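S.K.: Below you'll find the structure I mean.
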Ligand code: FUC
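Residue numbers (the working numbering): 1489 to 2289.
Pasting the structure below:
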């Protein structure tokens, strides 16, 4: 493989980057990251009696041993078996009633290959993250069998190729099953048929609740041999005899359309057009994929995946671990000193986000794009009191801003409904604040939403969930500096959210404005079953401040002069969001004095610390607030669930407590990580994988304070390493190499041509050079801070002395 310093948005700089000797050593191989096993995943089946987070049936082998591939639309879990291979297929739009009746992801299909290879030798299965391709290989009766699996995004097709070392050695039966069928008198009613015809198996049917019609097609293309279609016992199957190689193409879809109507329509069965069927579209996609053929599908998949994955290079460990991943995990549990697993998990997080969130698909859900369940835990949807935001924290810093586009598409579709929810909410809670025309109360979003439903705030989480959401919309701009996006999408979104939040405020003594009612997500008083609802929690006050602050910044960039900005300017200083308690902690509640007086002192949510991360209200120029966060984190402790550890890791990166950030990351890897490196809340939720991926980037590079801060939280275990392609706000790609925790190479690629500010010990004595080696003049902002002008597309070396 060629050394890859892929800077897709500026090809011309590649050579100069190489001169700067950044990215992988010139001529050196890019590391290949694999998840490996020397045996197939067991397949003991799912157990209906095990209910996790109200989801069922639970399938431990699926959750912890199968390997995931995905293209945003579809995901597949592959077991790599040799007797009967199992490929479990998920498609994001297929939903049943789910929990709470708001819709929930449900498994699309089970695909089986009866291979009858019962004595495999030299078995290996590996998920290659660089290529997003899964390989299975083994010997049976003196014949070497190999299989390759990938999920091509541009062609929206999952591709499997089987081959053998001898011609004519492939004979097997391909079967497909519709999982979780339910008759008309049951909830989650699902009907369907499986029909084999010629070289094609078609699964089709309906799920009643939302009038979802679904179809999947599996096509067999053989080189040599014969195919026989059989239809008996209510199921179609294809018998393949004596083929040399076999390619399977899998396509799937439903009649779901992401539109305002899906959210505005209240009657579940009317959300979709029940008279519309996906057959024509699924067939069109299949015809196109068949015409492309295996090699072209593989080539386009590689090019597409590389365009995102190869942008970032990051090495933390001197060694690449060889051998089964489970052994790596066990070694790490016994002695967490080798950071290779920490490095691998960062790349796996990138792999998982690219595989589950692409333009034109729904956003990455609570389990990404993977669900074998009848009823997926927590619906598998979009939980806005931290989970869905956490999914995207690393999208920007780890150079995959495009993976956030599905969320923006989702936002466009739900916002009309969310405007209605805002009016409903204000009518109920603060009717005196309703807009004069009764209508323009902005928009809001509460915790729970799915592809079919979006809800307002209230109950266990305050209206701050909306500000938590618009933070992502602002960050997309702040990293990409796409001004037309700011003008057309982010600014109106921030303005609407600010209008709503302003109406949640009530005037209190001293002119202070407090959100009322207000809640800190999911907290309860000791011994009480209902959630604690109060006035002015740090979570809500903090997110009002963040939204207002981002709105004012956005208005300055685009020169907006809406009258309402004056209200925001007046109110932002009267929120009094951060309070320090008698234990020295950042308080979660205004009425709290000593730490932990109110609510569970070890609660998984640390919502009151959001003003430090993902927020910016708490920053390094307020050391007493930073200390308040440290104290609150120390008291809260790390004995918590998966994603909750990920939030703590990001917070410790921002308090610059490198060892504590790594400590919680290590604990997460040791306690919450399964052999396929999926991580659990429990059960499996992708937010832990993606939140810690963001955490690694946060430890290595920060920019939320208006300047680039390299290696802000570098732990001793990462004493020597390198990265290229991480992104700082302002649209800078940053590359750093360090040894014994000292920077030895540091370069910044300015994609937008904005002024570059850097903060690092001794920065004022650095020499800044352009790509020809010419000195670039800079202004010294402090002993550790410099600022220089940049040209778009130009690369700068910062030579620290
Ligand atoms: C939030 C969390 C839960 C869970 C759910 C999906 O409500 O508090 O722990 O992760 O989202």
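The beta carbon of each residue, even a glycine, is placed where N, CA and C say it ideally should be.
The structure presented is a predicted model; accordingly, all values stated were derived computationally and were not measured.
Please look up how many angstroms separate the CB atoms of residue 1860 and residue 1771, rounded, as I've assumed it's under 8 Å.
M.R.: Counting from one through the chain shown, the residue named residue 1860 turns up at place 372. Counting from one through the chain shown, the residue named residue 1771 turns up at place 283. That belief does not hold up - the Cβ atoms of residue 1860 and residue 1771 are roughly 26 Å apart, past 8 Å.
S.K.: Does the beta-carbon of residue 1932 have 16 or more other beta-carbons within 10 angstroms, so that it is buried, or is it exposed?
M.R.: Translated into positions along the chain shown, residue 1932 becomes position 444. Residue 1932 should be labelled buried.
S.K.: Does any heavy atom of the ligand FUC sit closer than 8 Å to the C-beta of residue 2054?
M.R.: Counting from 1 along the chain shown, the entry for residue 2054 is found at position 566. Not so, every heavy atom of the ligand FUC lies at least 8 Å from the Cβ.
S.K.: In the DSSP assignment, find the unbroken beta strand (DSSP E) run with residue 2111 in it and report its ends.
M.R.: Within the chain shown, residue 2111 is the residue found at index 623, counting from 1. That residue, residue 2111, is in no beta strand (DSSP E); its alpha helix (DSSP H) goes 2111 to 2124.
S.K.: Taking the DSSP output, what are the residues bridged to residue 2276?
M.R.: Locating residue 2276 in the chain shown gives position 788, where the first residue counts as 1. Paired residue(s): 2244.
S.K.: Within the continuous beta strand (DSSP E) that includes residue 1658, where are the two ends?
M.R.: Along the chain shown, one-based indexing puts residue 1658 at 170. Residues 1658 to 1665.
S.K.: Does residue 1758 pass the burial test, meaning 16 or more other C-beta atoms within 10 Å, or should it be called exposed?
M.R.: Here the question's residue 1758 lines up with position 270 in the chain shown. It counts as exposed.
S.K.: To the nearest angstrom, how far is the alpha carbon of residue 1843 from that of residue 2054?
M.R.: Within the chain shown, the letter at position 355 stands for residue 1843. Within the chain shown, the letter at position 566 stands for residue 2054. Roughly 43 Å between the two C-alpha positions.
S.K.: My understanding is that residue 2220 touches residue 2238, with C-beta atoms under 8 Å, so please give their C-beta distance in whole angstroms.
M.R.: Here residue 2220 corresponds to residue number 732 of the chain shown, with the count starting at 1. Here residue 2238 corresponds to residue number 750 of the chain shown, with the count starting at 1. Residue 2220 to residue 2238, Cβ: 6 Å. Contact.
S.K.: Give the single residue among 2036, 1580, 2005 whose Cα lies nearest to the Cα of residue 1850.
M.R.: Walking along the chain shown from the start, residue 1850 turns up at place 362. If we check each option's Cα against that of residue 1850, 1580 comes out closest.
S.K.: Specify whether the segment 1907 to 1919 and the segment 1874 to 1883 touch according to this definition: at least 3 beta carbon pairs, one from each stretch, less than 8 Å apart.
M.R.: In short, these stretches do not touch, since the Cβ pair count stays below three.
S.K.: Have a look at 2139, 1616, 2002 and flag the residue whose alpha-carbon is nearest the alpha-carbon of residue 2186.
M.R.: For the purposes of this step, residue 2186 is taken as residue 698 along the chain shown, with counting starting at 1. Closest option to residue 2186, Cα to Cα, is 2139.
S.K.: Would you call the segment 2237 to 2252 and the segment 2262 to 2271 touching, i.e. three or more CB-CB distances under 8 Å?
M.R.: Yes, the segment 2237 to 2252 touches the segment 2262 to 2271.
S.K.: Counting only runs that start and end within the segment 1866 to 1907, where is the alpha helix (DSSP H) found for 4 or more residues in a row?
M.R.: For the segment 1866 to 1907, whole alpha helix (DSSP H) runs of length 4 or above, ordered along the chain, are 1875 to 1885.
S.K.: Roughly how many angstroms separate the alpha carbons of residue 2191 and residue 2104, rounded to a whole number?
M.R.: Here residue 2191 corresponds to residue number 703 of the chain shown, with the count starting at 1. Here residue 2104 corresponds to residue number 616 of the chain shown, with the count starting at 1. Approximately 10 Å, taken between the alpha carbons.
S.K.: The beta strand (DSSP E) with residue 1525 in it runs from where to where?
M.R.: Position 37 of the chain shown, counted from the first residue, corresponds to residue 1525. That run of the beta strand (DSSP E) goes 1522 to 1525.
S.K.: Any chance you could list the beta strand (DSSP E) runs of at least 3 consecutive residues sitting entirely within the segment 2205 to 2239, in chain order?
M.R.: With a minimum length of 3 residues, the continuous beta strand (DSSP E) runs that stay inside the segment 2205 to 2239 are 2209 to 2216, 2220 to 2227, 2230 to 2238.
S.K.: Where does the unbroken alpha helix (DSSP H) through residue 2054 begin, and where does it stop?
M.R.: Counting from 1 along the chain shown, the entry for residue 2054 is found at position 566. Here the alpha helix (DSSP H) through residue 2054 covers 2052 to 2060.
S.K.: For residue 2132 and residue 2158, I'd like the C-alpha separation in whole angstroms.
M.R.: Here residue 2132 corresponds to residue number 644 of the chain shown, with the count starting at 1. Here residue 2158 corresponds to residue number 670 of the chain shown, with the count starting at 1. For residue 2132 and residue 2158, the distance between alpha carbons rounds to 15 Å.
S.K.: How about residue 1553 and residue 2162: are their beta carbons less than 9 Å apart?
M.R.: Position 65 of the chain shown, counted from the start, is the residue given in the question as residue 1553. Position 674 of the chain shown, counted from the start, is the residue given in the question as residue 2162. Their beta carbons are under 9 Å apart, which means residue 1553 touches residue 2162 by this criterion.
S.K.: If you follow the beta strand (DSSP E) that residue 2009 is in, where does it begin and where does it stop?
M.R.: What you label residue 2009 is simply residue 521 of the chain shown in a count that begins at 1. Its beta strand (DSSP E) spans residues 2006 to 2012.
S.K.: I'd like the list of long-range same chain contacts for residue 1590, defined as Cβ closer than 8 Å, with 5 residues on each side in sequence excluded.
M.R.: Position 102 of the chain shown, counted from the start, is the residue given in the question as residue 1590. Counting only Cβ-Cβ distances below 8 Å, and skipping sequence neighbours, we find 1867, 1869, 1936, 1937, 1938, 1940, 1941, 1943.
S.K.: Is residue 1435 helix, strand or coil when you go by DSSP?
M.R.: The structure shown does not extend to residue 1435, since the chain is modelled only from 1489 to 2289, so the question has no answer here.
S.K.: Please tell me whether residue 1898 and residue 2063 are closer than 9 Å, where the distance is taken between their beta carbons.
M.R.: For the purposes of this step, residue 1898 is identified with residue 410 of the chain shown, where counting begins at 1. For the purposes of this step, residue 2063 is identified with residue 575 of the chain shown, where counting begins at 1. For residue 1898 and residue 2063, no; Cβs fall outside 9 Å.
S.K.: Just to check my reading of the structure: residue 2195 and residue 2233 have Cβ atoms closer than 8 Å, yes? What is that Cβ distance to the nearest angstrom?
M.R.: For this step, residue 2195 is matched to residue 707 along the chain shown. For this step, residue 2233 is matched to residue 745 along the chain shown. The Cβ separation is near 19 Å, so there is no contact.
S.K.: Under 8 Å: does the beta carbon of residue 1874 sit that close to some heavy atom of the ligand FUC?
M.R.: Taking the first residue of the chain shown as 1, we reach residue 1874 at position 386. Checking every heavy atom of the ligand FUC against the Cβ of residue 1874, one is found closer than 8 Å.
S.K.: Suppose the cutoff is 8 Å on Cβ atoms and the five residues either side in sequence are ignored; what does the same chain contact list for residue 2241 look like?
M.R.: In the chain shown, the residue the question calls residue 2241 occupies position 753. Here the set comprises 2278, 2279, 2280, 2281, 2282.
S.K.: Given 8 Å as the limit, tell me if residue 2175 has its C-beta closer than that to any heavy atom belonging to the ligand FUC.
M.R.: Taking the chain shown and counting its residues from 1, one reaches residue 2175 at position 687. True, at least one ligand heavy atom lies under 8 Å from that Cβ.
S.K.: By how many angstroms is the C-alpha of residue 1972 removed from the C-alpha of residue 2286?
M.R.: By 1-based counting over the chain shown, the position of residue 2286 is 798. By 1-based counting over the chain shown, the position of residue 1972 is 484. Between residue 2286 and residue 1972, the C-alpha separation is close to 31 Å.
S.K.: Given a threshold of 16 other Cβ atoms within 10 Å of its Cβ, counted over all protein chains shown, does residue 2076 qualify as buried or as exposed?
M.R.: Position 588 of the chain shown, counting from 1, holds the residue named residue 2076. Residue 2076 comes out buried.
S.K.: If we count the other Cβ atoms within 10 Å of its Cβ and call it buried at 16 or more, is residue 2261 buried or exposed?
M.R.: Taking the first residue of the chain shown as position 1, residue 2261 is located at position 773. The residue in question, residue 2261, is exposed, as its Cβ has fewer than 16 Cβ neighbours within 10 Å.
S.K.: Rounded to the nearest angstrom, what separates residue 2225 and residue 1542 at their Cα positions?
M.R.: Locating residue 2225 in the chain shown gives position 737, counting from the first residue. Locating residue 1542 in the chain shown gives position 54, counting from the first residue. Going from the Cα of residue 2225 to the Cα of residue 1542 covers about 46 Å.
S.K.: With a threshold of 8 Å, establish whether the CB of residue 2102 neighbours any heavy atom of the ligand FUC.
M.R.: Against the chain shown, residue 2102 aligns to sequence position 614. It does not: the Cβ of residue 2102 is nowhere closer than 8 Å to a heavy atom of the ligand FUC.
S.K.: Starting from residue 1795, trace the alpha helix (DSSP H) both ways and give me its first and last residue.
M.R.: On the chain shown, residue 1795 is found 307 positions in, with the first residue counted as 1. Its alpha helix (DSSP H) spans residues 1767 to 1797.
S.K.: Residue 1647 bridges to which residues according to DSSP?
M.R.: Along the chain shown, read from residue 1 onward, the residue named residue 1647 stands at position 159. Partner(s): 1638, 1737.
S.K.: Give the single residue among 1723, 1719, 1572, 1699 whose Cα lies nearest to the Cα of residue 1762.
M.R.: On the chain shown, position 274 is the one that residue 1762 refers to. Nearest of 1723, 1719, 1572, 1699 to residue 1762, Cα basis: 1699.
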